[in-house]
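To convert, note that position 164 of the sequence shown is 164 in the UniProt record's numbering; the numbers rise steadily by one, no gaps. From the three backbone atoms N, C-alpha and C, an ideal C-beta is built for every residue, glycine too. Written out below as C-alpha cells is the structure these notes cover.
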Amino acid sequence: MAFAKAKIQRFNEVIGCAPPPGTYQPKWQEKPLLGVFEKGSRFNDKKSKTDLDDTPMKTDESFSSSTSATSVKDENAIGESVVQKTCDCNITIDAITKKYEDTIESLTERLKVLTKYEDGVEQSTDAENVNMNTDPSNAHEMMGQTYQQEIIEYRLKIAELQDTIDCLTAEKNVLKMDYFKMKKNIGELEEEIKTKSRKLSEAESLAESRRESIDILRRGVHHLKADLEDSKVQAEDLQCKFHNINEELILERSKKEDLQAKYKNAVEEISKKSEEIQDLTNSLNKKIIIIEHEKRIRAQEAEKLSNELDKMKQLNDADQVIHRKLEKDLCTTRKELANALSKVEELSFLREGMESSLNDMMTDSENVFVNGESVTADTIIHFLKSLIKAKNEVDLLNKELESEIEKKELHIQNLEQLIGPFREQLENYEQERQALENLTKQTKGEYESLSLQHAALLGHQNHKQKIQYMEIEDLREKLRQKERTIAKLRKQSKEEPKTPTSKALHRSRKENTLSNTQ
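Right, here's the structure in full:
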C-alpha cells in the first residue's frame with residue numbers, strides 16, 4: 001500500500017518585504033505524517049548571519065574602543081551602551097534556545113510516531129506473510145515486497161531524523177557555551193562600571209577641593225581691596241602734608257621779606273654765594289627736565305596700558321570685573337602721577353620765587369652800598385643758614401618725588417603682570433571652544449550617515465519607527481553634550497593653575513604693608 005507524500009513547503013514563507021536583520025523569528029507549521037522536513041537556503045543564510053560566535057567579539061571590540069578614553073565625560077554613555085548590549089545578548093540567546101528546543105521536541109514527537117507506525121507496519125506485514133504462506137498466489141508476494149520497500153524507506157527517514165536531532169543538540173551545546181561566555185563578558189562590564197563610578201566619586205571630591213581654593217582666592221581679592229583703601233588714605237595724608245608744606249613756604253617768604261630789610265649791606269658776600277646758588281638752580285633745572293621727560297614716558301605707558309585694557313575688554317566679557325579693578329588701579333596711579341607732576345610744578349614755582357627773591361636781594365644790597373648803610377656779620381650768617389635750609393628742603397622734596405615715581409613704576413609693572421595671564425586664558429578658552437565646535441560637527445555628520453545606513457537596512461515597514469528613534473537619540477546626544485560641557489567647565493574651574501597673578505597680588509600686598517609701616 002503506497003502513501004501519498006506531503007507537499008514540500010518552506011517554514012515561515014511570507015510574500016512581501018523582508019524583515020530587518022537579526023529579528024527573524026520562524027513560525028513552525030504542522031505537517032502531516034510521513035512529510036519530509038527540509039531547510040531552505042534562506043534559513044541557512046539567516047543562520048550564518050545570526051551566529052553568536054561573531055557577535056560577542058564585535059561587542060567586545062566596540063566596548064574596548066569606547067572604554068579606551070579615560071575621561072569622565074564618556075562614562076554615562078559607556079554605562080548605557082553596556083546595559084543595551086547585555087539586554088540584546090539576553091534577548092538573542094533566549095530566542096535561539098526557544099527555537100532549538102521547539103525543533104528538538106517536534107522531531108522527537110515525529111520519531112515516536114514513526115516508530116509506532118513502523119511497528120504497526122511490521123505486524124501487518126507479518127500477518128500478511130502468514131496469509132501469503134497459506135495462499136500461494138503471486139499477488140500476495142508482490143504485496144510483501146512493496147511493504148518491505150516502504151519499511152526500508154521509513155527506516156532511512158528515521159535515521160535522517162536522528163542525524164538532524166544530533167546536529168541540533170550539538171548546536172544547542174555550542175549556544176550554551178556562547179551563553180556562558182556572554183555572562184562572563186557581562187560580569188567584566190559590570191566591574192568596569194563600578195570602577196567608573198569610583199572615578200566619578202573621586203572627581204566630585206576634587207571639585208569640592210577646587211571650590212575651597214576658589215574661596216581662598218576670593219578672600220585674597222577682599223584683602224587687596226582693603227589694601228587699595230589703605231593706599232587711598234595714604235594719598236590723602238600726603239596731600240595734607242603738601243598743603244602744610246605750602247603754608248610753611250608762605251611763612252618763609254614772609255620771613256625772607258623781613259630779612260631783605262635787614263641784609264641790605266651784604267652785597268659782597270651775597271655775590272660770592274650767588275654763584276653757588278646759580279649752580280644749585282642749574283642742577284634743579286636739570287632735575288626738572290629729567291622729571292618732565294619721565295612724565296612723558298609714564299604718560300605714554302599709561303596710554304599703552306589703557307589700549308591693552310580696551311583690547312582685553314573686547315576679548316572676554318566674563319573678566320570685566322577684573323579689568324575694572326585694574327582700570328581703577330591705573331586711574332589711581334595716574335592721579336598719583338598727576339599729583340607728582342603738580343609737585344614738580346610747585347617746585348618750579350618755588351624756584352622762580354627764590355630767583356626773584358635773590359634778584360630783589362641783589363638790588364637791595366646794591367642800594368645799601370650806594371646809600372652807605374652798615375651791616376653786621378650775624379645777619380649775614382643767619383641769612384646763609386636760611387638759604388641752606390631752603391636748599392635742603394628742596395633736595396628732600398626731590399628725593400621723595402623720585403621715590404614715589406619709582407613706586408608707581410613698580411605698581412604699573414605689577415598691573416601689566418596681572419593682565420598677561422588673563423590674555424592667555426582667553427586665548428585658551430577660544431581654542432577649546434573652536435575645537436569643541438569642530439568635534440560636534442564631525443560627530444553630527446557621522447551620526448547622520450550611520451542613521452541613514454541603518455534606516456536603509458531596516459526597510460520600508462520600520463522606517464518611520466526608526467526616524468522617531470533617531471530623533472530621540474539626537475535629543476539624548478544633545479543632553480550628553482551639555483553634560484560634557486558642564487563637566488569640562490567644572491574641570492577647568494578645578495584645574496586652574498596657580499598663575500603668576502597670585503604672586504603679583506602677594507607682592508603688591510607686601511609693598512602696601514611696607515608703605516604702611518613706613
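query: For residue 397, the nearest candidate out of 183, 345, 442 (CA to CA); result: 345
query: Whole-angstrom C-beta distance between residue 493 and residue 210, which should lie under 8 Å; result: 6 Å
query: Three-state secondary structure assigned by DSSP to residue 495; result: coil
query: Proximity below 9 Å, CB of residue 477 to CB of residue 443; result: yes
query: Integer Cβ distance of residue 440 from residue 481, believed to fall under 8 Å; result: 7 Å
query: Straight-line gap, residue 416 to residue 422 (C-alpha atoms, nearest Å); result: 10 Å
query: Buried or exposed (CB count within 10 angstroms, at least 16 for buried), residue 177; result: exposed
query: Straight-line gap, residue 275 to residue 282 (C-alpha atoms, nearest Å); result: 11 Å
query: Counted within 10 angstroms of its Cβ, other Cβ atoms place residue 425 as buried (16 or more) or exposed; result: buried
query: Whole-angstrom distance between residue 153 and residue 67, CA atom to CA atom; result: Caution is warranted here: a pLDDT of 40 is assigned to residue 67, below 50, making its placement in the model unreliable, and no coordinate value can be reported.
query: 9 Å Cβ cutoff met for residue 228 and residue 339; result: no
query: Through-space distance from residue 428 to residue 233, alpha-carbon basis; result: 39 Å
query: Outcome for residue 246 when other beta-carbon atoms lying within 10 angstroms are tallied against a minimum of 16; result: exposed
query: Alpha-carbon to alpha-carbon, residue 222 and residue 196; result: 39 Å
query: Neighbourhood of residue 495 by C-beta, 8 Å cutoff - its chain only, sequence neighbours within 5 removed; result: 210
query: CB contact flag (residue 325, residue 401, <9 Å); result: no
query: Cβ-based neighbour list, residue 73, same chain, cut-off 6 Å, excluding 5 preceding and 5 following; result: Interpretation of residue 73 is limited by its pLDDT of 49, a score under 50 that renders its predicted location unreliable; the figure taken from the coordinates is listed afterwards. Within the same chain, residue 73 has close Cβ partners 484, 487.
query: Beta-carbon proximity check, residue 110 vs residue 161, cutoff 9 Å; result: yes
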